[in-house]
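Okay, so here's the structure we're looking at.
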């Protein structure tokens, strides 16, 4: 499971960086989205990969071993990051449409790239 998650984080990071250096604005926005997905997966992986453990310690267990439970903090952080990245992506898409309407091109540098 850790190998698969590590590969997914690596592929998302590499794809996001490759798209981030592209000349078109939409590709840059997709690259930022892929990078945020990679960071979200990394944060979840940092909080111990436990799918069979409850995230909250009950009241009846006075001296519970924390290694038997999942850490809820990374899950909460990722949930917040997903909401923020969705709002940021929506804002960037609106700015992209306004910029394309004003300039007539969606290149990052404002040029068509045809020389």
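In the working numbering, the protein residues as written are 93 to 207.
We treat Cβ as the ideally placed atom computed from N, Cα and C, and that holds for glycine.
Exercise. In the structure shown, what three-state DSSP assignment does residue 116 receive?
Worked result: In the structure shown, residue 116 sits in a strand (DSSP, three-state: E or B).
For this session: Report, in whole angstroms, the separation of the C-beta atoms of residue 112 and residue 120, which I expect to be a contact under 8 Å.
Result: Between residue 120 and residue 112 the Cβ distance is about 6 Å, and since that is below 8 Å, they are a contact.
For this session: Taking all protein chains shown into account, decide if residue 108 is buried (16 or more other Cβ within 10 angstroms of its Cβ) or exposed.
Result: Taking all protein chains shown into account, residue 108 has 16 or more neighbouring C-beta atoms within 10 Å of its C-beta and is therefore buried.
Problem set entry | Residue closest to residue 138, alpha-carbon to alpha-carbon, out of 166, 187 and 190 | Nearest of 166, 187 and 190 to residue 138, Cα basis: 166.
Exercise. Rounded to a whole number of angstroms, what is the C-alpha to C-alpha distance between residue 161 and residue 187?
Worked result: In this structure, the alpha-carbon of residue 161 lies about 43 Å from that of residue 187.
Exercise. Terminal residues of the continuous alpha helix (DSSP H) containing residue 200?
Worked result: Neither: residue 200 is in no alpha helix (DSSP H) and is coded neither H nor E.
Exercise. Roughly how many angstroms lie between the CA atoms of residue 134 and residue 100, to the nearest whole one?
Worked result: For residue 134 and residue 100, the distance between alpha carbons rounds to 10 Å.
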